[in-house]
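Report on the following structure.
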Amino acid sequence: MKVLKILVLILTATLLWSCQSEPTLQKYFVENSESSDFIVVDLATNMLNIKPEELSENEKEAFQSLNKLNILAFKKSDSLETKYNLEKTKVVEILKQEKYEQLMKVGSGSSGATIYSVGNENTIDEFVIYGNSKEAGFAVVRILGNSMKPEHLMTLIEVIKKADIQSDQLKPLEALLK
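Residue numbers (mature numbering (1 follows the signal peptide of the UniProt record, and there is no 0)): -21 to -1, 1 to 157.
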């Protein structure tokens, strides 16, 4: 009987410990992906239409470490000012977590971007780019991959610029960028 009580206690403690309620960026994306206030784009690498033969060896290595891109954007409007501030605060709080290491911050008082990484100094599992504009809204881009290297980030951005994306998924983002 004593052993059974101890086992139940250990099992309960394990379940409670494993059900962390701490918000994550992935949970945030999932929770808001159906909201009409957000623009959501998921791009697999094959949608980028990258021609490997046109890439340098360094670009090929960086591109092969990439799995997909997730983009979540909130277009600001006068009617959504309160929600915009609430959602922006949620994202900023998530990105303050220890697992998100800030790599770079650029911008001015009214707009800017911050780049984060998740992983260790040798292999990165995820790069996160958070961009915010007081006029347009904010966007979070998750660059997911396997064993990406820190030096891959700028190379990946250059490779993505070369992409020939023919996707209707990107149409909603055009309005945010205008």
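Glycine is no exception: its CB is placed at the ideal position from the N, C-alpha and C atoms.
Just so you know, these numbers come straight off a predicted model, no measurement behind them.
Residue burial classification, residue i (beta-carbon count within 10 angstroms, cutoff 16)
{"i": "T102", "result": "exposed"}
{"i": "I(-16)", "result": "exposed"}
{"i": "L65", "result": "exposed"}
{"i": "E105", "result": "buried"}
{"i": "S12", "result": "exposed"}
{"i": "N111", "result": "buried"}
{"i": "A41", "result": "buried"}
{"i": "G88", "result": "exposed"}
{"i": "S96", "result": "buried"}
{"i": "G124", "result": "buried"}
{"i": "V85", "result": "exposed"}
{"i": "residue 162", "result": "The shown model of the chain, from -21 to 157, leaves out residue 162, and the question about it has no answer."}
{"i": "L156", "result": "Reliability fails at L156, whose pLDDT of 48 lies under 50, so the model's placement of it is uncertain and no value is given."}
Extent of the continuous alpha helix (DSSP H) run through residue i
{"i": "L4", "result": "L4 to N11"}
{"i": "K135", "result": "Checking the sequence, you will find Leu at residue 135 rather than Lys. Note, L135: alpha helix (DSSP H), H131 to K140."}
Integer Cβ distance of residue i from residue j, believed to fall under 8 Å
{"i": "Y7", "j": "K69", "result": "7 Å"}
{"i": "M127", "j": "S44", "result": "4 Å"}
{"i": "L4", "j": "V107", "result": "7 Å"}
{"i": "L82", "j": "I94", "result": "5 Å"}
{"i": "K27", "j": "I136", "result": "The sequence shown places Leu at residue 27, rather than the Lys named in the question. Not a contact, Cβ separation roughly 12 Å."}
{"i": "A115", "j": "I29", "result": "Not a contact, Cβ separation roughly 28 Å."}
{"i": "K75", "j": "S90", "result": "Not quite, the Cβ-Cβ distance comes to about 20 Å (not below 8 Å), so this is no contact."}
Enclosing beta strand (DSSP E) for residue i [first to last residue]
{"i": "S14", "result": "Note, S14: premise wrong, no beta strand (DSSP E); not H, not E."}
{"i": "D143", "result": "Taken as a continuous stretch (DSSP letters only), D143 belongs to no beta strand (DSSP E), as it is neither H nor E."}
{"i": "E105", "result": "I103 to S112"}
{"i": "I29", "result": "Run containing I29: none; DSSP gives neither H nor E here."}
{"i": "N125", "result": "G116 to M127"}
| field | Residue ranges of each alpha helix (DSSP H) within the region 33 to 95, 4 or longer | value | The qualifying runs are 36 to 43 and 60 to 74.
| task | Pair every Cβ in the region 117 to 137 with every Cβ in the region 42 to 52, then say whether three or more of these pairs are closer than 8 Å. | result | In short, these stretches touch, since the Cβ pair count reaches three.
| request: Decide yes or no for the touch test of the region 16 to 32 against the region 51 to 59: beta carbon pairs closer than 8 Å, at least 3 of them. | output: Below 8 Å, enough C-beta pairs join the region 16 to 32 and the region 51 to 59 to call them touching: three or more.
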